[in-house]
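Data first, discussion second: the structure below is written as structure tokens.
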Amino acid sequence: MIGSSWGRPALLLALTIALLVVGQLVLPGFIGLGQIANQLKIAAFLGLFGLCQTVVIAAGGQGLDLSVGAIATLGGILGAALMAGSNAMTIVGAVAAVGAGLGVGLLNGMGVAVLGVPPLVMTLALSSVVDGGLIVGVSLAHPADAASPGLVAIAGRSLYGVPSVALIWAGIAAIAIWLLSRSAWGRQLCRTGANPVTARLSGTHTVRVRVMAYMLSGGVAALGGFLLTGYVGQAFLGLGNAYVLTSIVVAAIGGVTLAGGKAPYGGVACAAILMTVLVSLLTAINMGENGRQIIFGLTLLVFLMIDRRLGAQR
Amino acid sequence: MLSSPDALVTPAGEPSRLSSPAETLLGVRGITKRFGGVVALDGVDLTLARGRVLGLLGANGSGKSTLSRIIAGEVVPDGGTMEMAGAPLSHASPQAAARRGIIIAHQHPSLAPDMPVWENIFLGAEICAPGGFINRGEARRRATGILAELGSTMDIGQPAGVLTAAGQQLVEIARALARSPRLLILDEPTAALAGAEVAKLFAAIRRLTAKGIGVIFISHRLGEIGAICDDILVMRNGRTAGAWTTSGRLDEARILSLMTGDPDAVLRPMAARALGDTILKLQGLRAGSAVRGVDLELRRGEIVGLAGLQGQGQAELLEVIAGHRRIDGGTLWHRDRAVTPSLPRDMIRRGVCLVPDDRLRQGLFSGESVGENLGYVKIALAKRPWTLPLAELGQLAAATIRRLLIKTEGPEQLVSALSGGNQQKVVIGKWLATDIEVLLLSDPTKGVDIHARSEIYAIIGELAAAGTTALIFASEIQELLLHCDRILVMYEGRIVGNLSGAAMTEPRIMAAAFGRASEGADA
Chain A
5 MIGSSWGRPA LLLALTIALL VVGQLVLPGF IGLGQIANQL KIAAFLGLFG
55 LCQTVVIAAG GQGLDLSVGA IATLGGILGA ALMAGSNAMT IVGAVAAVGA
105 GLGVGLLNGM GVAVLGVPPL VMTLALSSVV DGGLIVGVSL AHPADAASPG
155 LVAIAGRSLY GVPSVALIWA GIAAIAIWLL SRSAWGRQLC RTGANPVTAR
205 LSGTHTVRVR VMAYMLSGGV AALGGFLLTG YVGQAFLGLG NAYVLTSIVV
255 AAIGGVTLAG GKAPYGGVAC AAILMTVLVS LLTAINMGEN GRQIIFGLTL
305 LVFLMIDRRL GAQR
Chain B
158 MLSSPDALVT PAGEPSRLSS PAETLLGVRG ITKRFGGVVA LDGVDLTLAR
208 GRVLGLLGAN GSGKSTLSRI IAGEVVPDGG TMEMAGAPLS HASPQAAARR
258 GIIIAHQHPS LAPDMPVWEN IFLGAEICAP GGFINRGEAR RRATGILAEL
308 GSTMDIGQPA GVLTAAGQQL VEIARALARS PRLLILDEPT AALAGAEVAK
358 LFAAIRRLTA KGIGVIFISH RLGEIGAICD DILVMRNGRT AGAWTTSGRL
408 DEARILSLMT GDPDAVLRPM AARALGDTIL KLQGLRAGSA VRGVDLELRR
458 GEIVGLAGLQ GQGQAELLEV IAGHRRIDGG TLWHRDRAVT PSLPRDMIRR
508 GVCLVPDDRL RQGLFSGESV GENLGYVKIA LAKRPWTLPL AELGQLAAAT
558 IRRLLIKTEG PEQLVSALSG GNQQKVVIGK WLATDIEVLL LSDPTKGVDI
608 HARSEIYAII GELAAAGTTA LIFASEIQEL LLHCDRILVM YEGRIVGNLS
658 GAAMTEPRIM AAAFGRASEG ADA
């Protein structure tokens, strides 16, 4: 059942609740409302970056996007520079950030789907170019780096107790789940990932589908970076770095098979929540960074082994 | 590892059962071999004398390759006996065969692409200096010598992967010669070679036979068989159809009639079919090295067969028309418009659909359900890609399953759980989602049982009656004779025969397939 479309999210949510209960038992107050709201905020960012990986991994061909961190940083710095602390310019900053993310994604997609560069290499290379370009740009232009009060309000505050970032994430997740599992494009994406030859011979424009996947990843990553700027209060170099590997981890735990062809975003969203709760629990019981890394890695291994066993049974 | 032929003599004390052991090198009696339910060899005899070249002939699937692989120790026979120079031969591995001096040079060399030519030649038979080190100098010197005998002056230091097909074939032959064979099997050695290279190869073969080495020579080129072979063995359906000694001139008619078995029978009276307008026309179409200038014309509602020996460009031609391979030259006309498709989608939109060679890898999503596969074409061509018309797709799948009599538990069943024949029906059925004008089928009955085979042709016939044109490449000529209005024959990337009506006979097709006699051809 873990492999079916509802089993995986259900399992992940059950594990999350179990962790919350354990947390409450060990540290009374772990399930406070404020606590949960705070965790949802963190999970929202992880979930957005997990969406990037979900889409490009599903597109197949060893799909992966190692440039999500750099694109997020680009989105944050570019957005902050344009809005320069003014609420009026916030929307301009957001549009420019997402546009830049789509642009980098377009380059990624062209490199992967048209030129045939392995995604690992292509996205890593562009990641370096973007990161390096940002360092040069920031040192030359010294742009404004503060988030506008409006953006801080959107990304940092709550609406009736629910963090607004989590609401934004919920909206994007709903669109993503519908697009990936209830639209022709989502089917084209998954079939291209599962078997690009059959997909192409059946009439799919596989190159276009893959380019769009990388563009989507870039756009979402840049939006994530822009919101992150509001959450942190300012944009800085290295803003998105922490999400490069964690986004891949939540995608894998969420049920995305690295071979491509599957895009279960519901599972990935639940995995983002689970991993956020896990990290905060481990932090709360004063486990050091090293211990957290070990637990993180072991969790990934356990889920990959479950997937292998299920794959072998089919 | 490298030893002279003299080191490989018969074990002492082994009495020979053959009358003239000095003359007979290899004797094969009653060899049988089954692969699953298919009988590949059904009691084959073969005799080869020292210093002679035996030409092994037969249509695709007649068993020549299996026989040569059994002699070379690559395939273990189910029954029969083999003798080499009077001593029984019962090797279970190519290494054991090589120790007795039997070496095969394959048609499709499997060289190590990153290793230099000279290392490839001695791979597995390294020349060792004392202490087990490879004697590079000696190996390079000998590799150069062997290649020179074959008339090649290629750089032996270059990696084998950069060589042309011809170069790789020469390295494969050199590899065989480096092992000092007593019996050399050459499986279509000339397929990739040009005329001058063939002449030098033949000279090298003559030098070998002068030393008493026996050669089995497999080729589809009758001219070469006549030029080099002393003896002929024709195979058909896993049996020896005929064996004789040539006396200079090759009786080509006899070979063709033995290969096909039924020399004069006209198998099928042409059912007169009203043909429509020209729907697809190719003029001098070229693509890569496989399709070298094809002219053909297909009309509405026609069933056309594409025959020929293996690998003459048939599968590639279908892929070009389907938009899966890039056109390098010539023109592809659809109705009265020249089209240059950049991907299959462009042709599918024009109603030109391909049932590809490899069902599971190219035709189906093997991890998905029957219904998912049947509906995918509609999804791929969706005008509104943000929607998914689930109800419509469900109806389409159910209707296709009924119409094509696909045996399945239902649209939810995994397509990989179906039999080969029913999988093929799914591959054809997925095109029913569009208006098929031209259906291109690449070996559609490969690995399909007889019953499903006739059902598949019934579907094709039904589609044709409704105005669809079918172009079918099949490796079995009988199949095409039974179901096609017209048969085109391909040879070395071109259409060399266009046979219909009374001219549509197996011997004529075979003659054209061997690049011979184009009587009856009006292409």
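Listed in order, the protein sequences are those of chains A and B. The first sequence runs 5 to 318 under my numbering. The second sequence runs 158 to 680 under my numbering. Just so it is clear, CB atoms sit at the ideal spot from N, CA and C, and this is done for glycine as well.
Any beta carbon from chain A within less than 7 Å of residue i's own beta carbon?
{"i": "Asp-421(B)", "result": "In this predicted model, Asp-421(B) has a pLDDT of only 46, less than 50, meaning its place in the structure is not dependable; the value taken from the coordinates is given anyway. Taking Cβ atoms only, chain A never reaches closer than 7 Å to Asp-421(B), which makes this a no."}
{"i": "Ile-460(B)", "result": "no"}
{"i": "Pro-513(B)", "result": "yes"}
{"i": "Arg-482(B)", "result": "no"}
{"i": "Met-667(B)", "result": "no"}
{"i": "Trp-543(B)", "result": "yes"}
{"i": "Pro-664(B)", "result": "no"}
Does any residue of chain B bring its CB to less than 7 Å from the CB of residue i?
{"i": "Ser-162(A)", "result": "no"}
{"i": "Arg-212(A)", "result": "no"}
{"i": "Ala-198(A)", "result": "yes"}
{"i": "Arg-12(A)", "result": "no"}
{"i": "Thr-208(A)", "result": "yes"}
{"i": "Ala-188(A)", "result": "yes"}
{"i": "Leu-306(A)", "result": "Looking at the sequence itself, residue 306(A) is Val, so the reference to Leu does not match. Not one chain B Cβ lies under 7 Å of Val-306(A)."}
{"i": "Val-201(A)", "result": "yes"}
{"i": "Leu-220(A)", "result": "no"}
{"i": "Leu-50(A)", "result": "no"}
{"i": "Leu-262(A)", "result": "no"}
{"i": "Arg-296(A)", "result": "no"}
Does residue i come out as helix, strand or coil in the three-state DSSP assignment?
{"i": "Thr-287(A)", "result": "helix"}
{"i": "Ser-526(B)", "result": "strand"}
{"i": "Glu-636(B)", "result": "helix"}
{"i": "Asn-294(A)", "result": "helix"}
{"i": "Asn-655(B)", "result": "strand"}
{"i": "Met-661(B)", "result": "coil"}
{"i": "Val-306(A)", "result": "helix"}
{"i": "Arg-191(B)", "result": "strand"}
{"i": "His-491(B)", "result": "strand"}
{"i": "Glu-409(B)", "result": "helix"}
{"i": "Trp-543(B)", "result": "coil"}
{"i": "Lys-368(B)", "result": "coil"}
{"i": "Gly-64(A)", "result": "coil"}
{"i": "Ile-617(B)", "result": "helix"}
{"i": "Lys-603(B)", "result": "coil"}
{"i": "Val-448(B)", "result": "strand"}
{"i": "Arg-336(B)", "result": "coil"}
How many Å lie between residue i and residue j at the Cα?
{"i": "Thr-20(A)", "j": "Leu-29(A)", "result": "14 Å"}
{"i": "Tyr-218(A)", "j": "Asn-112(A)", "result": "6 Å"}
{"i": "Phe-290(B)", "j": "Gln-252(B)", "result": "21 Å"}
{"i": "Val-233(B)", "j": "Val-512(B)", "result": "35 Å"}
{"i": "Arg-195(A)", "j": "Ala-85(A)", "result": "40 Å"}
{"i": "Ala-174(A)", "j": "Thr-435(B)", "result": "56 Å"}
{"i": "Gly-567(B)", "j": "Ala-548(B)", "result": "15 Å"}
{"i": "Ala-645(B)", "j": "Ala-14(A)", "result": "At residue 645(B) the sequence reads Leu, which differs from the Ala that was named. When rounded, the distance between both Cα atoms is 59 Å."}
{"i": "Gly-508(B)", "j": "Ala-239(A)", "result": "54 Å"}
{"i": "Val-254(A)", "j": "Ile-176(A)", "result": "17 Å"}
{"i": "Leu-249(A)", "j": "Leu-68(A)", "result": "10 Å"}
{"i": "Pro-601(B)", "j": "Ala-356(B)", "result": "39 Å"}
{"i": "Ala-668(B)", "j": "Arg-411(B)", "result": "11 Å"}
Have a look at the options and flag the residue whose alpha-carbon is nearest the alpha-carbon of residue i.
{"i": "Leu-232(A)", "options": "Gly-80(A), Gly-51(A), Ala-246(A), Gln-57(A)", "result": "Gly-80(A)"}
{"i": "Leu-475(B)", "options": "Thr-435(B), Leu-521(B), Ala-305(B), Gly-650(B)", "result": "Gly-650(B)"}
{"i": "Gly-223(A)", "options": "Met-87(A), Leu-163(A), Val-102(A), Gly-264(A)", "result": "Val-102(A)"}
{"i": "Asp-485(B)", "options": "Gly-314(B), Pro-498(B), His-491(B)", "result": "Pro-498(B)"}
{"i": "Gly-383(B)", "options": "Thr-403(B), Ile-375(B), Val-391(B)", "result": "Thr-403(B)"}
{"i": "Thr-662(B)", "options": "Thr-417(B), Thr-366(B), Ala-361(B), Val-195(B)", "result": "Thr-417(B)"}
{"i": "Ile-257(A)", "options": "Gly-265(A), Gly-264(A), Ala-273(A), Ala-246(A)", "result": "Ala-273(A)"}
{"i": "Gly-450(B)", "options": "Gly-324(B), Leu-575(B), Thr-488(B)", "result": "Thr-488(B)"}
- Task: Check each residue of the region 197-224 of chain B: if its Cβ is closer than 7 Å to any Cβ of chain A, include it; give the result in chain order.
- Result: none
- Selection of the region 509-538 of chain B by Cβ proximity to chain A, strictly under 7 Å: Leu-511, Pro-513, Arg-518, Gln-519, Gly-520, Leu-521, Phe-522, Gly-524, Tyr-533, Val-534, Ile-536, Ala-537, Leu-538
- Going along the chain, which residues of the region 488-508 of chain B sit with their C-beta nearer than 7 Å to a C-beta in chain A? Those residues of the region 488-508 of chain B that come within reach of chain A (Cβ to Cβ, closer than 7 Å) are Leu-500, Pro-501, Arg-502, Ile-505.
- Task: Using a Cβ-Cβ cut-off of less than 7 Å, list which residues of the region 54-80 of chain A approach chain B; keep chain order.
- Result: Taking 7 Å as the cut-off between beta carbons, none of the residues of the region 54-80 of chain A comes near chain B.
- Residues of the region 575-587 of chain B with a CB closer than 9 Å to any CB of chain A: list them in chain order, please. Of all residues in the region 575-587 of chain B, those with a C-beta nearer than 9 Å to a C-beta of chain A are Lys-587, reading in chain order.
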